[in-house]
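Undergrad:
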């Protein structure tokens, strides 16, 4: 049975949520779902788990809002791995291996930067990200951010104003890539260059063969060749037109036969325009699609996992 780990949060809780789902060949089902209370001093309401990466031994490195945790799915154990007060709104972590060296790459989204650590958690370098269009810097009146609401609150517990909003980081053999949500672009994290502009707000980055696949939060899945002169991505799947399903799309996994896609219910129009359609029918769950013809094979609702659960990442689980 093909299986995946799904990292999640809940808009009405500060817990992290991890779900294991399995594909029987006909149905996608929940194997188990677990909630994790994060350390009291690191909790922020509405912020649970975000991006993650799997180590070779099956351990998950998973981001919280302001710390990275080691999570052992088989033993149901969670412990802080890297806790820093200059972490803010972490969105993803990727393991980069070169020979015997291991680097841990983190999307420190609240600070609009990519942080790189060694295997012991020592900071090696930081790559600041500047908006591609400076005039699109966040307006001071944006109500989402609370950085000035309570000066006594520690910086790592505030919603800081970001302008690039790096979402996913991906370690390719020669480069680290990042999806730039506000810029609507993808490119190397450390060069300042942009490889491709995209027609939507990008989130996940998943390599497959010679192409790089990514999601935009309006429900489309795209691909392109990252090291060739392609200037426009190819739309591989449009979830709304192909399935009628709708939501904030985040979380992508691929197999030879399947495309697995995460959705989150929207209760209000996000600050970044989501799509030109109502959000009243959006839902939280996972869609399974046949890659051969884009036929929908199944939909698994995850609404039972919280008051308002949200999907973040979907990762192949090979250590069942």
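Numbering (UniProt numbering), first residue to last: 1 to 320. C-beta: ideal position from N, C-alpha, C; glycine also. Treat the numbers as computed from the prediction; the structure is a model and nothing was measured.
1) Give the DSSP-derived three-state secondary structure of residue 157 in the structure shown.
2) From residue 37 to residue 205, what does the alpha carbon distance come to, in whole angstroms?
3) Apart from the five residues just before and just after residue 182, which ones in its own chain have a Cβ nearer than 6 Å to its Cβ?
4) Need the endpoints of the alpha helix (DSSP H) that residue 239 sits in, please.
5) Can you have a look at residue 113 and say buried or exposed, based on whether 16 or more other CB atoms are within 10 angstroms of its CB?
6) Bridge partners of residue 49, per DSSP?
7) Is the CB-CB distance between residue 130 and residue 109 below 8 Å?
8) Less than 6 Å between C-beta atoms, sequence neighbours within five positions excluded: which residues of the same chain meet that for residue 213?
9) Please tell me whether residue 13 and residue 306 are closer than 8 Å, where the distance is taken between their beta carbons.
10) If you compare alpha carbons, which of 3, 2, 50, 10 is closest to residue 308?
11) From the DSSP output, in three-state form, read off residue 132 for me.
12) In the DSSP output, which residue or residues are listed as bridge partners for residue 302?
13) How far does the beta strand (DSSP E) with residue 202 in it extend, from its first residue to its last?
14) Rounded to whole angstroms, what is the Cα-Cα separation between residue 329 and residue 229?
15) Counting pairs of Cβ atoms below 8 Å between the stretch 192-201 and the stretch 83-101, do you hit three or more?
16) What are the complete alpha helix (DSSP H) segments, minimum 4 residues, inside the stretch 78-103?
17) Ignore the nearest five residues each way along the sequence and tell me which others in residue 44's own chain have a CB closer than 7 Å to its CB.
18) How is the beta strand (DSSP E) around residue 310 delimited, first residue to last?
19) What's the C-alpha gap between residue 167 and residue 24?
20) Which residue from 268, 235, 8, 295 puts its Cα closest to that of residue 91?
21) Please go through the same chain and pick out, in chain order, the residues whose beta-carbon is closer than 6 Å to the beta-carbon of residue 240, but skip the five residues on each side of it.
22) Rounded to whole angstroms, what's the CA-CA distance from residue 46 to residue 292? Just pull it up for me.
23) Is it buried or exposed, residue 120, if we count other Cβ atoms within 10 angstroms and call 16 or more buried?
24) To the nearest angstrom, report how far apart residue 278 and residue 268 are at their CA atoms.
TA: On the basis of the coordinates in this document:
1) helix
2) 28 Å
3) 164, 165
4) 239-243
5) buried
6) The partner list for residue 49 (beta bridge, DSSP) is empty, contrary to what the question assumes.
7) no
8) 206, 223
9) yes
10) 10
11) coil
12) BP columns for residue 302 are empty, so no partner.
13) 202-208
14) There is no way to answer for residue 329, as the model of the chain reaches only from 1 to 320.
15) no
16) none
17) 14, 65, 157
18) 309-316
19) 31 Å
20) 8
21) 219, 246
22) 38 Å
23) exposed
24) 10 Å
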